[in-house]
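Quick notes on the structure that follows.
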Amino acid sequence: MTEEQIHQKYMRAAIAEAHQAQLLGEVPIGAVIVHDGKIIACGHNMREKFQDVTYHAEMLAIMEACAAMGSWRLEECDLYVTLEPCIMCSGAIVNARIKNVYYGAKDPKAGAVDSLYHLLNDQRLNHQVHVESGILGTQCSQMLKDFFRAIRKRKKLARKKRRARG
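Here the sequence shown stands for residues 1 to 166, numbered as in the UniProt record's numbering.
This is how it looks when you write it as structure tokens:
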């Protein structure tokens with residue numbers, strides 16, 4: 001397998017996690033953590049289900065990876081996530097000392113890796129992370145666009161029904 005094929009394989013696993021989130025009515029974001037060529041942890045958004053702001057895909061995957069490794073240090077681990085990590089998740093990535101982050105779609109409204117901030121490569125921090133973006137980016141982006149389009153459509157229909165009754 002080429003390096004690109006390997007990255008796509010793990011991103012597909014993250015996309016599968018994102019689909020799990022979507023089935024729960026969550027924003028479809030998924031993440032997997034890889035160590036020595038094996039997925040050791042996965043996560044998908046569960047903020048709505050648990051009403052907990054920290055239940056992002058990356059955070060849940062990091063917690064699971066720490067348990068799997070028996071350490072908070074994930075120095076030889078790679079994170080694959082469908083959307084550019086936010087500030088909170090980027091902080092956890094740096095603190096966990098994750099080696100590489102591969103993400104699919106950019107997040108122009110909350111991205112803390114490339115879009116709004118560059119936290120993973122900030123030389124003032126005690127750890128920097130190698131980052132690659134755009135892995136299956138079109139597919140990751142389209143999944144989010146479709147999800148939010150469907151939400152807007154449902155809201156529009158609900159407004160029409162309220163007006164028709166009122």
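Even for Gly, the Cβ is constructed at its ideal location relative to N, Cα and C.
This one's a predicted model, so the numbers in the text were calculated from it and none came from an experiment.
Secondary structure of V81 (DSSP, three-state): strand. S90 is a Cβ neighbour of A112, given a cutoff of 8 Å.
With contacts defined by Cβ atoms closer than 8 Å, G134 and M11 do not form a contacting pair. Proximity of the segment 119 to 129 to the segment 153 to 163 falls short of the contact definition, fewer than three beta-carbon pairs being nearer than 8 Å. A straight-line Cα-Cα distance of about 12 Å links K145 and D107. Ranked by Cα distance from Y117, the first of L74, C86, A164 is C86. If you draw a straight line from the Cα of S141 to the Cα of F147, it is about 10 Å long. Collapsing the DSSP output to three states places I40 in a strand. Taking A67 as reference, the option from A96, K161, G137, Q139 with the minimal CA-CA separation is A96. Runs of alpha helix (DSSP H) with 4 or more residues, each lying fully within the UniProt domain "CMP/dCMP-type deaminase" (5 to 114), are found at 47 to 50, 57 to 69, 87 to 96, listed in chain order.
Excluding five sequence positions before and after A21, the CB atoms of its chain that fall closer than 8 Å to its own CB belong to V27, P28, I29, G30, H44, N45, M46, A57, given in chain order. For E132, the beta-bridge partners assigned by DSSP are Y102. The alpha-carbon separation between I15 and E76 amounts to approximately 22 Å. Just measuring C-alpha positions, the residue of K109, A92, A110 sitting nearest L120 is A92. Contact between V101 and L79 holds: their C-beta atoms lie close to 5 Å from each other, under 8 Å.
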